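S.K.: One structure coming up, written as structure tokens, with questions to follow.
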């Protein structure tokens with residue numbers, strides 16, 4: 003397939019692996035890129051020197067394009083930008099902040115810029131900021147989420163109608179069937195996170211990977227809405243948050259409970275009781291550990307079969 007996304011990123015398949023904190027280091031990014039998609043290093047959980055190490059190792063592990071996810075609210079974002087420019091990272095996916103902040107500088111240095119949003123209104127701002135494409139991420143997604151709680155099926159058509167730049171669909175996508183649905187709604191690529199957590203190449207802790215595999219439909223829920231909404235897998239920490247929220251707790255109390263390093267504690271260090279476990283609704287579908295390259299190929303194969311089958315439908 004060739005479209006604006008494959009041409010923009012110079013990749014074989016319009017499949018992008020999300021830049022997830024504590025889960026997507028150089029091993030996962032290079033594996034997805036080598037399989038024909040676009041791998042992303044998640045810099046939000048990395049100190050500046052760690053990001054530099056991951057970029058160098060990714061460049062050694064693949065001769066294909068890869069990207070870095072840049073959360074704009076991250077305190078060391080300026081140092082991350084310096085590394086990205088210095089190491090000539092070809093593509094940046096920015097998130098969690100205004101796309102105006104670094105887009106001009108990145109583009110001046112020949113870097114393709116994509117920004118992640120949760121509404122069509124914000125998608126318009128991404129286009130005005132000069133970004134090359136936009137990720138429209140629905141309510142089903144794992145990790146930090148939009149306050150609008152708009153589902154992917156509702157969001158994608160509205161985002162496509164709102165902008166002229168290519169739209170990449172995210173949130174609840176992890177199979178060839180859901181990718182086909184995203185394309186039917188006008189998306190030109192998909193960003194997939196949760197499906198790549200349960201892979202040998204993911205840097206997530208084995209306990210977290212196993213918890214994702216064991217998760218069932220309904221085991222995740224959007225939480226911490228008075229801080230920054232985040233979709234979590236149910237555990238004791240989640241129940242503690244729910245109890246506080248039920249009492250009407252404000253942001254300060256929730257922030258105190260959250261503390262520091264809660265997501266690292268869960269996803270990277272494997273504390274399945276007190277850790278913050280960020281994962282999407284698609285986790286209910288994941289039932290086995292598979293290599294990232296195999297997942298890419300399974301998605302491609304299923305997409306092709308479904309697209310061919312749908313071609314025979316007429317009303």
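Residue numbers (the working numbering): 3 to 317.
Positions of the beta carbon are idealized from the N, C-alpha and C atoms, including for glycine.
Since the model is a prediction, treat every value here as computed from it, not as a measurement.
#1: Residue 21 and residue 43: beta carbons closer than 9 Å?
#2: Could you name each continuous alpha helix (DSSP H) segment of 4 residues or more that falls completely within the stretch 174–240, going from the start of the chain to the end?
#3: Going by DSSP, what residue range makes up the alpha helix (DSSP H) through residue 121?
#4: How would you label residue 306, buried or exposed, when you count the other beta carbons within 10 angstroms and need 16 or more for buried?
#5: Does the count of Cβ pairs from the stretch 245–252 and the stretch 298–313 closer than 8 Å reach three?
#6: Please report the straight-line C-alpha distance between residue 78 and residue 316, rounded to a whole angstrom.
#7: Buried or exposed: where does residue 15 fall if 16 or more other Cβ atoms within 10 Å of its Cβ makes it buried?
#8: Counting C-beta neighbours from all protein chains within 10 Å, is the total for residue 65 16 or more, i.e. buried, or is it exposed?
#9: Check whether the stretch 264–271 touches the stretch 169–187, taking contact to mean three or more Cβ pairs, one atom from each stretch, closer than 8 Å.
#10: Sort out for me which residues DSSP pairs residue 1 with in a bridge.
#11: Report the residue from 110, 122, 240, 128 whose alpha carbon sits nearest the alpha carbon of residue 116.
#12: Could you tell me which of 206, 144, 135 sits nearest to residue 164, measuring between CA atoms?
#13: In this structure, does DSSP put residue 105 in helix, strand or coil?
#14: Could you spell out the range, first to last residue, of the beta strand (DSSP E) harbouring residue 69?
#15: At the level of alpha carbons, what is the spacing between residue 35 and residue 226?
#16: With a Cβ-Cβ cutoff of 9 Å, do residue 158 and residue 143 count as a contact?
#17: Just to confirm the assignment, what range does the beta strand (DSSP E) spanning residue 94 have?
#18: Should residue 49 be labelled buried (16 or more other beta-carbon atoms within 10 Å of its own) or exposed?
#19: How far does the alpha helix (DSSP H) with residue 253 in it extend, from its first residue to its last?
#20: Assuming residue 295 is part of the alpha helix (DSSP H), what are its boundary residues?
#21: Which residue marks the beginning of the beta strand (DSSP E) containing residue 18, and which one marks its end?
#22: Quick check: residue 239 and residue 264, are their CB atoms within less than 9 Å of each other?
#23: What number of angstroms, rounded off, separates the C-alpha of residue 161 from the C-alpha of residue 186?
#24: Taking contact to mean 3 or more Cβ pairs, one atom from each stretch, closer than 8 Å, check whether the stretch 85–97 and the stretch 68–76 are in contact.
#25: Measure the CB-CB distance between residue 214 and residue 275 and report whether it falls below 9 Å.
#26: May I have the straight-line CA-CA distance separating residue 54 from residue 63, to the nearest angstrom?
M.R.: Reading from the atomic positions:
#1: Counted from its first residue, the chain shown places residue 21 at position 19. Counted from its first residue, the chain shown places residue 43 at position 41. Yes.
#2: Contiguous alpha helix (DSSP H) elements confined to the stretch 174–240 occur at 178–186, 208–216, taking only those with 4 or more residues.
#3: The sequence position of residue 121 within the chain shown is 119, counting from 1. For residue 121, no alpha helix (DSSP H) encloses it, and the DSSP letter there is neither H nor E.
#4: As a first step, residue 306 must be located in the chain shown, where it is residue number 304. Residue 306 is exposed by the Cβ-count criterion.
#5: Too few Cβ pairs lie closer than 8 Å, so no.
#6: The sequence position of residue 78 within the chain shown is 76, counting from 1. The sequence position of residue 316 within the chain shown is 314, counting from 1. For residue 78 and residue 316, the distance between alpha carbons rounds to 53 Å.
#7: Within the chain shown, residue 15 is the residue found at index 13, counting from 1. The residue in question, residue 15, is buried, as its Cβ has 16 or more Cβ neighbours within 10 Å.
#8: Translated into the one-based positions of the chain shown, residue 65 becomes position 63. It is exposed - the Cβ of residue 65 has fewer than 16 other Cβ atoms within 10 Å.
#9: No, the stretch 264–271 does not touch the stretch 169–187.
#10: The structure shown does not extend to residue 1, since the chain is modelled only from 3 through 317, so no value can be given for it.
#11: Position 114 of the chain shown holds residue 116. Of the candidates 110, 122, 240, 128, the one whose C-alpha sits nearest the C-alpha of residue 116 is 128.
#12: As a position in the chain shown, residue 164 is number 162, starting the count at 1. Checking every option, the nearest Cα to that of residue 164 belongs to 135.
#13: Numbered from its first residue, the chain shown carries residue 105 at position 103. Helix at residue 105.
#14: Start at 1 with the first residue of the chain shown, and residue 69 comes out as number 67. That run of the beta strand (DSSP E) goes 68–73.
#15: As a first step, residue 35 is located in the chain shown; it is residue number 33 there, counting from the start. As a first step, residue 226 is located in the chain shown; it is residue number 224 there, counting from the start. When rounded, the separation of the alpha-carbon atoms in residue 35 and residue 226 is 33 Å.
#16: Numbered from its first residue, the chain shown carries residue 158 at position 156. Numbered from its first residue, the chain shown carries residue 143 at position 141. It is not a contact, given that the beta carbons lie outside the stated cut-off.
#17: In the chain shown, residue 94 corresponds to position 92, counting from 1. First-last of the beta strand (DSSP E) with residue 94: 93–97.
#18: Position 47 of the chain shown, counted from the first residue, corresponds to residue 49. So residue 49 counts as exposed.
#19: Counted from its first residue, the chain shown places residue 253 at position 251. It spans 253–260 - the alpha helix (DSSP H) in which residue 253 sits, taken as one unbroken run.
#20: Along the chain shown, one-based indexing puts residue 295 at 293. For residue 295, the enclosing alpha helix (DSSP H) begins and ends at 294–312.
#21: In the chain shown, the residue the question calls residue 18 occupies position 16. Note, residue 18: beta strand (DSSP E), 17–19.
#22: To locate residue 239, count along the chain shown from 1; it is residue 237. To locate residue 264, count along the chain shown from 1; it is residue 262. With contacts defined as CB atoms closer than 9 Å, residue 239 and residue 264 qualify as a contacting pair.
#23: Numbered from 1 along the chain shown, position 159 holds the residue referred to as residue 161. Numbered from 1 along the chain shown, position 184 holds the residue referred to as residue 186. So the two alpha carbons sit approximately 13 Å from each other.
#24: Segment contact: the stretch 85–97 against the stretch 68–76, three or more CB-CB distances shorter than 8 Å; contact assigned.
#25: Taking the chain shown and counting its residues from 1, the one referred to as residue 214 is at position 212. Taking the chain shown and counting its residues from 1, the one referred to as residue 275 is at position 273. No, the pair does not count as a contact, with Cβ atoms beyond the cut-off.
#26: Along the chain shown, read from residue 1 onward, the residue named residue 54 stands at position 52. Along the chain shown, read from residue 1 onward, the residue named residue 63 stands at position 61. If you take the alpha carbons of residue 54 and residue 63, they lie about 14 Å apart.
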